[in-house]
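Notes to accompany the following structure.
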Amino acid sequence: MARDNRELSVWTNGVRVGTWRWPARKATEFEYDEAWMSRDDARPLSLSLPLPAESIPHTGTSVEAWFDNLLPDSENIRKRIQERFQTKSRTPFDLLSAVGRDCVGAIQLLPIDEEPSSVETIEAISLSDRQIEDDLAAVVSPKTFGVDATEFRISIAGAQEKTAFLKKNGKWCRPLGSTPTTHIFKLPLGLVANGQADMSTSVENEWLSARIAAQFGLPIANCEIEQFGAQKVLVVERFDRVLHSSGKFWLRLMQEDMCQATGLPNFKKYQSDGGPGVVEIARILDASVERKADLEALFKSQILFYLLAAPDGHAKNFSIRVLPRGAYRSTPLYDVLSAWPVIGSRARQIPLQKIKLAMALPGSSGWHYKVKEVQRRHFDELAKRLRLSAQAGKIVADFVGDTPRVIDAVQRGLPRGFPQPLLDSILDGMRKQARLLGN
55 MARDNRELSV WTNGVRVGTW RWPARKATEF EYDEAWMSRD DARPLSLSLP LPAESIPHTG
115 TSVEAWFDNL LPDSENIRKR IQERFQTKSR TPFDLLSAVG RDCVGAIQLL PIDEEPSSVE
175 TIEAISLSDR QIEDDLAAVV SPKTFGVDAT EFRISIAGAQ EKTAFLKKNG KWCRPLGSTP
235 TTHIFKLPLG LVANGQADMS TSVENEWLSA RIAAQFGLPI ANCEIEQFGA QKVLVVERFD
295 RVLHSSGKFW LRLMQEDMCQ ATGLPNFKKY QSDGGPGVVE IARILDASVE RKADLEALFK
355 SQILFYLLAA PDGHAKNFSI RVLPRGAYRS TPLYDVLSAW PVIGSRARQI PLQKIKLAMA
415 LPGSSGWHYK VKEVQRRHFD ELAKRLRLSA QAGKIVADFV GDTPRVIDAV QRGLPRGFPQ
475 PLLDSILDGM RKQARLLGN
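Quick note, the sequence shown lines up with residues 55 to 493 if you use the numbering used here.
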């Protein structure tokens, strides 16, 4: 398919960063503005797109992969975006031309001749619960159900149905102009794995998984379960947004996931598909400005995923905050879901033998993905490769010893009506895994 000679300007918090070009018959390219590179607070969009010594464009697959990773992974969701906004194609450029005004991280994508409105104000329309319910219904429909598409064009990466809103003075709002969203609304997953597993309680599952992670001391995005009419959602506080010190407006914070940082497309988010594993991510975090804390959090996350039988700890679910002049550090965890509620031998369940971690653990005989095959010695080997051997014994022992307290704490903080079968399956699974890890 021939490409038109098209361009979008890239902005962050009202400052122009550069230009993304989708030229005819050439590789896509991104070029930083010289004015941006000369700023004291200049930073690259990505570790894979570093600030050059002079204004020379980045070209090729790393550019296309970085922008493509701003979009949802699901082709069905991309198809709905195309239908809703009547884009010419489902190329990253066409889709982001339509929905790139509020992306994950700090950037806004605008037509080349357009400047963003002032970021130093909050422009928004208050919404009733009924309006939010209608907007949530519109997420899974190509129609907008009265939502003004010209004012509400957001892109949230990931595989799940979701949208985002602004919280202002305790009320939910639809942001206008350059005002960013502050919270992501995630809908229930329903059937997954080609209909093999029922994740209709994914909202409660992710909420509980986040509470468990926090009780173990891992940094993770804050979230709450909310109900809008007939629609239940998980409301996740965005950690790529921060209120300005004046309290008068919101700022976007630059971040990227590990597929973007390594210049890989979203279909390589799993290690088994050619994506980065724990050791590769650790090599990146070795240069973090919070090296010790970030490497320990990475190691702890793998223990957490083992306890929860959490299969989606892939490269797109690990991100870094990009700081001035290419410095960086890890963001909190996000999108953690336990597979215990769907593990079993009944209809729409998956045998434990088939549950795999997204990132394998190293062993003397190779790499181990299957939760059932992972043993304590594999965590010891991982710690050695992450240069954490001195701390590993205490970290693992703390997880094992702390599991009863964590379980008690989350049980005491459950919202009313929390589904008991979901709770029992996750907590029983954790107890079993902790016993195995402690032996």
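Glycine included, C-beta positions come from ideal geometry on N, C-alpha and C.
For residue i, the first and last residue of its enclosing alpha helix (DSSP H)
{"i": "residue 312", "result": "312 to 315"}
{"i": "residue 492", "result": "474 to 492"}
{"i": "residue 364", "result": "No alpha helix (DSSP H) contains residue 364, which DSSP labels as neither H nor E."}
{"i": "residue 146", "result": "146 to 153"}
{"i": "residue 52", "result": "Past the edges of the chain, shown from 55 to 493, lies residue 52, and the structure says nothing about it."}
{"i": "residue 424", "result": "Not the alpha helix (DSSP H): residue 424 falls in the beta strand (DSSP E), residues 420 to 424."}
{"i": "residue 339", "result": "332 to 339"}
{"i": "residue 140", "result": "Per DSSP, residue 140 belongs to no alpha helix (DSSP H) and is neither H nor E."}
{"i": "residue 119", "result": "115 to 122"}
Where residue i sits in the DSSP three-state scheme
{"i": "residue 326", "result": "helix"}
{"i": "residue 68", "result": "coil"}
{"i": "residue 180", "result": "strand"}
{"i": "residue 206", "result": "Low confidence applies here, because residue 206 scores a pLDDT of 44, under 50, leaving its location unreliable; read the following figure in that light. It is coil, neither helix nor strand."}
{"i": "residue 233", "result": "coil"}
{"i": "residue 457", "result": "helix"}
{"i": "residue 432", "result": "helix"}
{"i": "residue 438", "result": "helix"}
{"i": "residue 74", "result": "strand"}
{"i": "residue 401", "result": "coil"}
{"i": "residue 272", "result": "coil"}
{"i": "residue 61", "result": "strand"}
{"i": "residue 218", "result": "strand"}
{"i": "residue 198", "result": "With a pLDDT of 42 at residue 198, under the threshold of 50, the modelled position of that residue is not reliable, and the figure given next carries that caveat. Of the three classes helix, strand and coil, the one that applies to residue 198 here is coil, per DSSP."}
{"i": "residue 262", "result": "helix"}
{"i": "residue 103", "result": "strand"}
{"i": "residue 524", "result": "This structure leaves residue 524 out entirely; the chain is present only between 55 and 493."}
Among the options, nearest to residue i - alpha-carbon criterion
{"i": "residue 154", "options": "146, 340, 163 and 182", "result": "163"}
{"i": "residue 226", "options": "265, 149 and 289", "result": "289"}
{"i": "residue 260", "options": "367, 143 and 193", "result": "367"}
{"i": "residue 72", "options": "109, 102 and 60", "result": "109"}
{"i": "residue 365", "options": "373, 395, 294 and 411", "result": "411"}
{"i": "residue 81", "options": "118, 416 and 124", "result": "118"}
{"i": "residue 463", "options": "481, 450 and 473", "result": "481"}
Host beta strand (DSSP E) of residue i (start-end)
{"i": "residue 83", "result": "83 to 86"}
{"i": "residue 296", "result": "295 to 297"}
Opposing strand residues paired with residue i [DSSP bridges]
{"i": "residue 287", "result": "280"}
{"i": "residue 253", "result": "244"}
{"i": "residue 375", "result": "309 and 383"}
{"i": "residue 225", "result": "222"}
{"i": "residue 239", "result": "217 and 289"}
Review point. With contact counted as at least three CB pairs below 8 angstroms, one residue from each stretch, are the stretch 302 to 310 and the stretch 145 to 161 in contact?
Key: As far as the Cβ criterion goes, the stretch 302 to 310 touches the stretch 145 to 161, which means the pair count is three or higher.
Check your understanding: Does the stretch 266 to 273 come close enough to the stretch 346 to 366 that 3 or more CB-CB pairs lie under 8 angstroms?
Key -> Enough Cβ pairs lie closer than 8 angstroms, so yes.
Exercise for review: Evaluate contact between the stretch 320 to 331 and the stretch 399 to 409, counting only Cβ atoms and requiring at least three cross-stretch pairs below 8 angstroms.
Suggested key: Segments in contact, no.
Check your understanding: With contact counted as at least three CB pairs below 8 angstroms, one residue from each stretch, are the stretch 144 to 151 and the stretch 331 to 342 in contact?
Key -> No contact exists between the stretch 144 to 151 and the stretch 331 to 342.
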